[in-house]
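Below is one structure, written out as structure tokens; comments come after it.
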């Protein structure tokens with residue numbers, strides 16, 4: 350390969366190795382300790398979080414409130430380009446979760462093209478027209494098809510088409526996870542994110558595709574808690590540093606002591622440090638949000654305030670009163686899992702009509718899921734998310 354695949358574990362500074370060990374431990378703890386009833390709702394929420402932040406990096410101005418409202422009312426998405434991009438990104442993640450890429454194949458050409466196709470498939474024709482010059486010349490981009498023209502991205506001139514295919518063959522070989530073990534898997538995740546962006550294999554959408562790739566790579570690398578925390582959120586919260594560190598890894602090699610390939614090993618180390626710091630920051634944030642005692646306190650306060658009509662939505666409208674018994678329903682579902690309606694009624698000690706009315710309101714707001722005769726299950730509503738997970742957006 351024309352550049353160092355990743356920082357070898359034995360050459361990584363001690364403090365960086367310690368950081369990756371901490372990342373691994375926090376991820377494992379998050380994966381193991383999250384209440385079972387909250388896992389799927391959190392994964393669903395994180396798909397929205399990923400989409401919001403990954404698209405924000407690309408200049409998408411959609412607000413979290415708009416996204417959550419559109420999730421509740423899909424018909425509002427039509428005709429709004431930024432919302433359509435968000436929705437496609439969320440759906441791409443859902444399909445990848447339902448039909449995951451085999452871990453051994455995650456860095457193959459076919460996997461990379463699938464990621465691009467998952468996002469761009471079904472996009473209106475006018476949005477697939479890529480402008481080539483200031484004269485207005487355009488080319489139609491085919492979802493999931495590698496570029497067939499040379500390009501320039503700011504100061505970066507990606508490899509030619511012929512070089513690109515050779516690099517992608519190397520990429521597939523060097524980042525195969527059945528050949529990488531221990532802490533090196535995290536170092537490979539960091540490096541592969543940069544290398545894929547550097548190769549720039551598509552006419553457009555390389556950033557979002559690259560971040561989707563890293564999501565899949567971290568999961569495939571054994572980070573079982575990934576999907577409960579988000580790299581895109583970390584990248585987007587410091588976009589200038591994200592691009593600065595990617596740019597550092599773009600630098601050509603600086604003399605004989607800076608690696609043996611075309612690109613700078615010192616630049617790759619700077620990027621890897623940033624990637625690790627971002628991962629650790631996100632893991633610490635989501636671990637704190639899901640810490641049982643703190644989460645329980647926020648749930649108590651949320652439902653107490655709702656019972657007094659003391660909370661407003663994102664538009665400043667006062668949310669309707671919700672009986673305090675809703676708190677008991679919610680915490681029972683959180684800690685004990687799905688429940689039959691009759692069992693909920695017995696636990697509350699109220700009449701059938703009161704139980705039915707309460708559950709109906711909670712379901713309408715998205716706090717729970719009612720599906721025919723199936724047990725009642727936990728959900729995260731758009732109105733509760735900002736309160737239960739402060740500073741998420």
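In the working numbering, the protein residues as written are 350 to 742.
We treat Cβ as the ideally placed atom computed from N, Cα and C, and that holds for glycine.
Predicted model, so just to flag it, every value in this text is computed and none were measured.
State buried or exposed for residue 487, treating a residue as buried only when at least 16 other CB atoms are found within 10 Å of its CB. exposed
Would you kindly check if the distance between the Cβ of residue 400 and the Cβ of residue 439 is under 8 Å? yes
Are there any heavy atoms of the ligand NAD lying less than 7 Å away from the beta-carbon of residue 405, as far as the coordinates show? Absence of the ligand NAD from the depicted structure is noted, as is the absence of any ligand whatsoever, leaving it without description.
So, with DSSP's three-state summary, where would you put residue 666? coil
Can you give me the Cβ contacts of residue 352 inside the same chain, cut-off strictly under 6 Å, excluding the 5 residues immediately before and after it? 610, 611, 612
Determine the direct distance from the alpha carbon of residue 469 to that of residue 490, and round the result to whole angstroms. 9 Å
Can you give the Cα-Cα distance for residue 435 and residue 419, rounded to whole angstroms? 10 Å
Quick one, are the C-beta atoms of residue 539 and residue 457 less than 8 Å apart? no
In the DSSP assignment, find the beta strand (DSSP E) that holds residue 529 and state where it starts and stops. From DSSP, residue 529 is part of no beta strand (DSSP E); its letter is neither H nor E.
Would you check if there are 3 or more beta carbon pairs closer than 8 Å linking the stretch 541-552 to the stretch 356-369? no
From 526, 480, 473, 543, residue whose alpha carbon lies closest to that of residue 507: 543
Hey, how far is the Cα of residue 614 from the Cα of residue 576? 30 Å
If you draw a straight line from the C-alpha of residue 680 to the C-alpha of residue 359, how long is it? 47 Å
Mind checking which residues open and close the alpha helix (DSSP H) that includes residue 673? No alpha helix (DSSP H) contains residue 673, which DSSP labels as neither H nor E.
By Cβ distance, which residues of its chain are closer than 6 Å to residue 718, with the 5 residues on each side in sequence left out? 726, 728
Cβ contact check for the stretch 519-534 and the stretch 579-594: 3 or more pairs under 8 Å: no
Assuming residue 372 is part of the alpha helix (DSSP H), what are its boundary residues? 363-382
With DSSP run on the structure shown, which of helix, strand or coil describes residue 489? strand
Does residue 691 come out as helix, strand or coil in the three-state DSSP assignment? helix
What did DSSP end up calling residue 725 once you bin it into helix, strand or coil? strand
Cut-off 7 Å between Cβ atoms - residues of its own chain near residue 554, not counting five sequence neighbours on either side: 465, 468, 469
Per DSSP, which one or two residues make a beta bridge with residue 601? 612
Roughly how many whole angstroms lie between the Cα atoms of residue 635 and residue 732? 19 Å
Best match in 533, 441, 650 for proximity to residue 462 [C-alpha to C-alpha]: 441
Taking the beta carbon of residue 534 as the centre, do at least 16 other beta carbons fall within 10 Å, making it buried, or is it exposed? buried
Pairwise C-alpha distance: residue 672 and residue 625: 44 Å
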